[in-house]
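Asker:
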Amino acid sequence: MSNTPSTSSSSLSFNSSESLSDANLLKNFELQQKLLLEDRQLRDIFTKSVMQFKLSPQIFWSSRLNQLRTFALTISQNKGPYNVLSTIKPVATSDNQVNVNVTRDTINEIFMIYPIIRKAFDDLVPANSVKESFGRDFSIPSCSED
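According to full-length UniProt numbering, the sequence shown holds residues 1 to 146 in order.
(1) Any idea what DSSP makes of S139, helix, strand or coil?
(2) Would you call Q92 buried or exposed, if buried means 16 or more other Cβ atoms sit within 10 Å of its Cβ?
(3) Please report the straight-line C-alpha distance between I116 and R104, rounded to a whole angstrom.
(4) Can you find the residues in the same chain that come closer than 6 angstroms, C-beta to C-beta, to F71, ignoring five residues on each side of it along the sequence?
(5) So what does N90 bridge to, in DSSP terms?
(6) Pull up the distance between the alpha-carbon of I113 and that of K119, whole angstroms please.
(7) Does the Cβ-Cβ distance between L31 and L65 come in under 8 angstroms?
(8) From N108 to S17, what distance separates their C-alpha atoms?
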């Protein structure tokens with residue numbers, strides 16, 4: 001592994017406990033450089049300790065393994081999708097019925113976040129579209145096939 005950051009983030013993948021071991025963290029120069037770029041105070045300490053006072057980088061990082069491990073876990077976190085269900089608000093009608101209005105985009109987001117709902121929809125809803133059956137059942141000209 002080189003001291004220069006690579007364009008791929010293979011050395012910044014921390015999906016196993018082995019990648020977070022002390023030995024691997026000490027060998028991960030890309031992670032160390034990234035931490036130094038993001039933490040100015042640590043960068044100043046590194047510059048003084050290693051560059052000016054000739055402390056070995058191995059010794060410098062071995063005293064900061066917990067900081068490296070925490071940083072590795074922090075940058076490997078993926079932002080999860082927002083809770084689309086919390087945006088759906090029920091609306092009460094004058095005749096004591098509760099309705100919800102959802103857009104096609106909201107439905108697609110629900111299908112993307114909850115694949116089991118997509119599977120249930122595909123299994124339970126007939127292949128012909130809901131719009132076509134609605135138009136046929138209620139004889140609405142704008143919903144019929146063109």
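Cβ atoms here follow ideal geometry from the backbone N, Cα and C, with glycine treated the same way.
Model, not experiment: these values are computed from the prediction.
Answerer: The short version:
(1) For S139, the pLDDT reaches just 45, beneath the cut-off of 50, and the residue's location in the model is therefore unreliable, leaving the point undetermined.
(2) Reading off the sequence, residue 92 comes out as Ala, not Gln. The residue is exposed, with fewer than 16 neighbouring Cβ atoms inside 10 Å.
(3) 18 angstroms
(4) L35
(5) For clarity, residue 90 is Pro in the given sequence; the question names Asn instead. V100.
(6) 12 angstroms
(7) no
(8) 35 angstroms
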